[in-house]
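**Student:** Once you've had a glance at the structure underneath, I'll fire off some questions.
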Amino acid sequence: PSEDCIPALISNEIDRNSMTQRIHELGMQGKLFQVPAGDVRTYIGASYRKNDYAFRPDSIRERDYIGDTSAGAFASGDIDASVNVKEIYGELLVPLLRDLPAFRSFELELGYRHSKYSTGQKVDTYKALASWEPTSGLRARGGYNRAERAPNIAELFATPSGSAQFASAPTD
């Protein structure tokens, strides 16, 4: 490579990013009532979560930059965004059987969460789990749930960027 090409090949690029997450949560737990197998317990709560994110690519990779960039680097744009979510949720622990042959304990755990995202999504998730303890030291657990991962800030707000792929042509 020529002398003026070397800096573009080995440039020391520095991207800068920062993220701040704030979480406010309020919850209560306790016994609702008693059944023959034990206490029916609950936990209810509400939360607010906010993520602020900023990304500044190195100036050599700015999206509007026209010129040489280092090998393998592609244009990228700034991100300065935030997302938040408001949630309410509850869980219920119900002991069904206790101190019986083959059932030292058998419990059911139910849960529900409603999430409202600043991106417009409203998501309901839930779970139903069972826990069976036939003897001391042996436990089997299983269940079903519905969960959904919300997109992260980069997935929501990243600017388009390029990519390159190199391959040799097949030879016969």
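Position one of the sequence shown corresponds to residue 979 (my numbering), numbered consecutively onward. Where is the CB? At the ideal position from N, CA and C, for every residue including glycine. Bear in mind that the values here come from a model prediction, so they are computed numbers and not experimental data.
Where do the N-terminal and C-terminal ends of the beta strand (DSSP E) with residue 1024 fall, by residue?
**Tutor:** As a position in the sequence shown, residue 1024 is number 46, starting the count at 1. Residues 1016-1034.
**Student:** Can you tell me whether residue 981 is helix, strand or coil according to DSSP?
**Tutor:** Position 3 of the sequence shown holds residue 981. Three-state DSSP puts residue 981 in coil, outside helix and strand.
**Student:** Got a sec: is the Cβ-Cβ distance from residue 1001 to anything in chain D below 8 Å?
**Tutor:** Absent from the structure is chain D; it holds one protein chain and no more.
**Student:** Looking only at C-alpha atoms, which of 1097, 1086, 1095, 1010 sits nearest to residue 1021?
**Tutor:** The sequence position of residue 1021 within the sequence shown is 43, counting from 1. The shortest C-alpha separation from residue 1021 is found at 1010.
**Student:** Flag this pair as yes or no: are the beta carbons of residue 1113 and residue 1091 separated by less than 8 Å?
**Tutor:** Locating residue 1113 in the sequence shown gives position 135, where the first residue counts as 1. Locating residue 1091 in the sequence shown gives position 113, where the first residue counts as 1. No.
**Student:** Tell me whether the stretch 1086-1102 and the stretch 1067-1076 touch, counting them as touching only if at least three CB pairs, one residue from each stretch, are closer than 8 Å.
**Tutor:** Touching, yes, given that three or more Cβ pairs across the two stretches are closer than 8 Å.
**Student:** If you follow the alpha helix (DSSP H) that residue 1133 is in, where does it begin and where does it stop?
**Tutor:** As a position in the sequence shown, residue 1133 is number 155, starting the count at 1. Segment 1131-1135, the alpha helix (DSSP H) holding residue 1133.
**Student:** From residue 1028 to residue 1136, what does the alpha carbon distance come to, in whole angstroms?
**Tutor:** On the sequence shown, residue 1028 is found 50 positions in, with the first residue counted as 1. On the sequence shown, residue 1136 is found 158 positions in, with the first residue counted as 1. Straight-line Cα distance between these residues: approximately 18 Å.
**Student:** Which residues in the same chain have their Cβ closer than 7 Å to the Cβ of residue 1032, if we skip the five residues on either side of it in sequence?
**Tutor:** As a position in the sequence shown, residue 1032 is number 54, starting the count at 1. Once the five neighbours on either side are set aside, the close Cβ partners of residue 1032 are 995, 996, 1057, 1058.
**Student:** Could you check whether residue 1086 and residue 1078 sit closer than 8 Å to each other, using their CB atoms as the reference points?
**Tutor:** Mapped onto the sequence shown, residue 1078 falls at position 100. Mapped onto the sequence shown, residue 1086 falls at position 108. Contact flag unset, no.
**Student:** Check residue 1037 in the structure and name its three-state DSSP category.
**Tutor:** Looking up residue 1037 in the sequence shown gives position 59. Looking at residue 1037 - three-state DSSP - the assignment turns out to be helix.
**Student:** Quick one: grab the DSSP three-state call for residue 1057.
**Tutor:** As a first step, residue 1057 must be located in the sequence shown, where it is residue number 79. Three-state result, residue 1057: strand.
**Student:** Using the three-state DSSP reduction, which class does residue 1044 fall into: helix, strand or coil?
**Tutor:** Stepping through the sequence shown from its first residue, residue 1044 is reached at position 66. Note that residue 1044 scores a pLDDT of 47, beneath 50, so its modelled location is shaky; the value from the coordinates is reported in the next line. Coil.
**Student:** Can the beta-carbon of residue 1035 be found closer than 8 Å to that of residue 1060?
**Tutor:** Locating residue 1035 in the sequence shown gives position 57, where the first residue counts as 1. Locating residue 1060 in the sequence shown gives position 82, where the first residue counts as 1. Result no, Cβ atoms of residue 1035 and residue 1060 do not sit closer than 8 Å.
**Student:** Whose C-alpha, out of 1064, 981, 1015, 1037, is nearest the C-alpha of residue 1100?
**Tutor:** One-based indexing of the sequence shown puts residue 1100 at position 122. Residue 1100 has its Cα closest to that of 1064, out of 1064, 981, 1015, 1037.
**Student:** Could you tell me the distance, in whole angstroms, from the CA atom of residue 1133 to the CA atom of residue 1127?
**Tutor:** As a position in the sequence shown, residue 1133 is number 155, starting the count at 1. As a position in the sequence shown, residue 1127 is number 149, starting the count at 1. So the two alpha carbons sit approximately 12 Å from each other.
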